[in-house]
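In the working numbering, the protein residues as written are 8 to 253.
To start, the structure itself, in structure tokens.
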Ligand SMILES: *Cc1c(COP(=O)(O)O)cnc(C)c1O
């Protein structure tokens, strides 16, 4: 860790924290209701260590292999700091067991088979003492029906309800809310308004308050305006991602 990089991260984190607070204030919301989730994919463990020193206690990663390496690395380097790792990228079913071994939450769950696989893996991990809590699960919605980017089609409320109910009733999992990424070139305002509407519709079936994982570097203010409780921010904190994986 160079002093320059440490200073860079400290400065970016301060700016970002202020952005989230201002967005919450503008929306008339309590800033404590909006979690800032630093996305560290493509960036080295040394950056994660520095962010922990700066007070961050949760991180988002999008690929299982890269994540599990960092999780293990951080546990070695800072064994006494409790950190929550969030899986935000698409999950292959065969990686369910691995994800359940390190993830506090999975934001990108979008099918019955995946829900079942994650539930089984998390239940096993709980039973064997490898997890202390159920795996928190967000159902990812697709706002444009493009299956290549993942998510359940928001225009299929029957399917959305079915998968939410499945996640809610599967042992080993806690169903905690909805997640979406606005389609490329889509209007963020319209996208997040649609997502908020869907959350309100789904919420009516649940006693516990559901969360909304929405908003990234470029559009977090709009997402917070529409009820986001977790903004996943990479570039605005870490800088531009390299084009190739580490
Ligand atoms: C990479 C990623 C982010 C962070 O995006 P930025 O635009 O860099 O803030 C958020 N969510 C998901 C699902 C991602 O894969």
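For every residue, glycine included, the Cβ atom is placed at its ideal position computed from N, Cα and C.
- Sixteen is the threshold: since fewer than 16 other Cβ atoms of the shown chains lie within 10 Å of the Cβ of residue 22, the residue is exposed.
- Per DSSP, residue 218 lies in no alpha helix (DSSP H); the unbroken beta strand (DSSP E) holding it starts and ends at 218 to 220.
- For residue 69, the Cβ falls inside the 7 Å cut-off from some heavy atom of ligand 1.
- Contact annotation, residue 94 with residue 110: C-beta distance approximately 4 Å; criterion of less than 8 Å satisfied.
- Nearest in C-alpha terms to residue 114, of all of 188, 196, 232 and 248, is 188.
- Taking the Cβ of residue 101 as the reference point, every heavy atom of ligand 1 lies at 7 Å or farther away.
- For residue 91, the uninterrupted beta strand (DSSP E) segment begins and ends at 91 to 94.
- For ligand 1, no non-hydrogen atom lies closer than 7 Å to the CB of residue 27.
- Straight-line spacing of the CA atoms in residue 61 and residue 17 works out to 7 Å.
- Rounded to the nearest whole angstrom, the CA to CA distance from residue 175 to residue 181 is 6 Å.
- The beta-carbon distance between residue 126 and residue 178, rounded to whole angstroms, is 6 Å. This is short enough to meet the 8 Å contact definition.
- Taking C-beta separations shorter than 6 Å and ignoring five residues to either side along the sequence, the partners of residue 166 in its chain run 159, following chain order.
- Residue pairing by DSSP places residue 195 in no beta bridge whatsoever.
- According to DSSP, residue pairing for residue 147 in a beta bridge involves 186.
- Between residue 31 and residue 41, the alpha-carbon positions lie close to 7 Å from each other.
- In this structure, the CA atom of residue 201 is about 29 Å from the CA atom of residue 106.
- Under the three-state reduction of DSSP output, residue 171 falls in the helix class.
- Under DSSP, residue 66 forms a beta bridge with 92.
- When secondary structure is reduced to three states using DSSP, residue 140 falls in the coil class, being assigned neither helix nor strand.
- Burial is judged here by how many other beta carbons sit within 10 angstroms of a residue's own beta carbon; residue 211 has fewer than 16 and is exposed.
- With a beta-carbon spacing of about 6 Å, residue 59 and residue 88 fall inside the 8 Å limit used to define contacts.
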